[in-house]
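Down below is the structure, laid out as structure tokens.
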Amino acid sequence: MSCERPLTWETLVGWWAGDLPEAEALRVEEHLLGCGRCSAVADRVAATAEALRTMVPPVVRPERLRELAGAGVRILENPIDPGQTNDFHFPKNVDLAVHVLRGLTLGAGARVEVTLRSLATGALIGHFEDVPFDAARGAVYLACQRDYAELDHDLLAEVRVARDPSPARYTILHHF
Amino acid sequence: MTAEASDAALLERIAAGGAGRREAEVLLCRRYAPRIRLYGLRHLRDEDRARDLVQTVLLAVLEAAREGRVRAPEELVRFVLGTCRNAALRFREADRRAEPAADEILVVAAGAESPRDPVNAALLLRCLGSLGDRARRVLELSFHEELGGDEVAARLEITGGNVRVIRHRALAALRACLDAPAGRDA
Chain A
1 MSCERPLTWE TLVGWWAGDL PEAEALRVEE HLLGCGRCSA VADRVAATAE
51 ALRTMVPPVV RPERLRELAG AGVRILENPI DPGQTNDFHF PKNVDLAVHV
101 LRGLTLGAGA RVEVTLRSLA TGALIGHFED VPFDAARGAV YLACQRDYAE
151 LDHDLLAEVR VARDPSPARY TILHHF
Chain B
1001 MTAEASDAAL LERIAAGGAG RREAEVLLCR RYAPRIRLYG LRHLRDEDRA
1051 RDLVQTVLLA VLEAAREGRV RAPEELVRFV LGTCRNAALR FREADRRAEP
1101 AADEILVVAA GAESPRDPVN AALLLRCLGS LGDRARRVLE LSFHEELGGD
1151 EVAARLEITG GNVRVIRHRA LAALRACLDA PAGRDA
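Rendered as structure tokens:
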């Protein structure tokens, strides 16, 4: 499976993202249809991009939750107040748990950051800037999937509004 | 005839008919099916529709090859591309015209949520966490929210050129993390 002029990863990513001019996109597609090697690389681009497209992000917007619920995804809300330690048992009949990190003062246009850490080790699991929130409920929605059982079960979520030096802290002890 | 047979050899065997035709057709279909599926995923953004496209295009290719209308490899690629374009356009037109019942909308939406790639959500979260904030944001905006490069640039207040560079590097880093066995223990 040889190719004299393989397409670059950058070109393939641009093609998948729909960012190439039409003539170039057509040239890429002609090449891919005739080239097994580049087509295999493009498949890796596609698989990675598709995983991102279909993922439920860790901090999820309220509208997305409504879409998922409308599509039949079984969602359980788990409200938690700042400073609270929450013992959460992931029910078998639930597809997606949503930790409702509430008790926040959130004006429209607020910039909110969420940091997730392992409670046991303090290791950073993820840091998310400019996350979506529900201003009316004063809450940020943290999506929790069954696959997360592979991560440290005990979690500290810190929510910082407008670079407030003292973030709201929520401790969640998961039982999968 | 082996899997390494050239497109030209396969086309010749198919056009000639006889005992070797079936084997050549199988080889040609196996070679082109994944490439057509990729085209379908890119343009139709749906695994089932991409599979329908593979079927439609391969049937047309086999018919053309049997009739000897496609003989040279470069003709074959152009024929496949043209058929892909036309069929994808027809599929999109049909989707636009169709007014699915409420139940169909629900089923399709539910199907769209099921993962197309066996990427574990925890691993994906961990690998995304290993990227810088900006890189992760570019990936999320580009591939999760499906914004164009210019829209991502405007949202993050960087140039379109920067978006493109960050995007392809970040996607490569994410892929490497997902593929690395050590990534699971990182």
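Protein chains in written order, with my numbering: chain A, 1 to 176; chain B, 1001 to 1186. C-beta: ideal position from N, C-alpha, C; glycine also. All of these numbers come straight from a predicted model, not from anything done at the bench.
Check, Outcome
"Taking Cβ positions only, does Ala1121(B) come closer than 8 Å to chain A?", "yes"
"Starting from Glu158(A), follow the beta strand (DSSP E) in both directions and report where the run begins and ends.", "154-161"
"What three-state label does DSSP hand Leu7(A) in the structure shown?", "coil"
"Short of 6 Å in beta carbon distance, which residues of its chain neighbour Ser1114(B), apart from the five on each side in sequence? Order them along the chain.", "With a pLDDT of only 40 at Ser1114(B), under 50, the local geometry of the prediction cannot be trusted, and no value is derived from it."
"Just how far apart, CA to CA, sit Ala1005(B) and Glu50(A)?", "32 Å"
"On the three-state DSSP scale, how would you describe Phe88(A)?", "strand"
"Taking the CB atoms as reference points, tell me whether Val131(A) and Val161(A) lie closer together than 8 Å.", "no"
"With Arg1164(B) as the anchor, note down where its alpha helix (DSSP H) starts and where it stops.", "1160-1179"
"When you compare the CB of Ser39(A) with every CB in chain B, is at least one pair closer than 8 Å?", "yes"
"Quick one: which chain A residues come within Cβ less than 9 Å of Ser1006(B)?", "Within 9 Å Cβ-Cβ: nothing; Ser1006(B) doesn't reach chain A, min ~12 Å."
"Once DSSP output is grouped into helix, strand and coil, what is the label at Glu1145(B)?", "coil"
"Taking 8 Å as the threshold (beta carbon to beta carbon), is Val45(A) in contact with chain B?", "yes"
"Taking only the alpha-carbon atoms, compute the straight-line gap between Met1001(B) and Ala1008(B) and give it to the nearest angstrom.", "12 Å"
"So the beta strand (DSSP E) Val1119(B) belongs to, where does it begin and stop?", "Run containing Val1119(B): none; DSSP gives neither H nor E here."
"At the 8 Å Cβ level, is Arg163(A) part of the contact set with chain B, yes or no?", "no"
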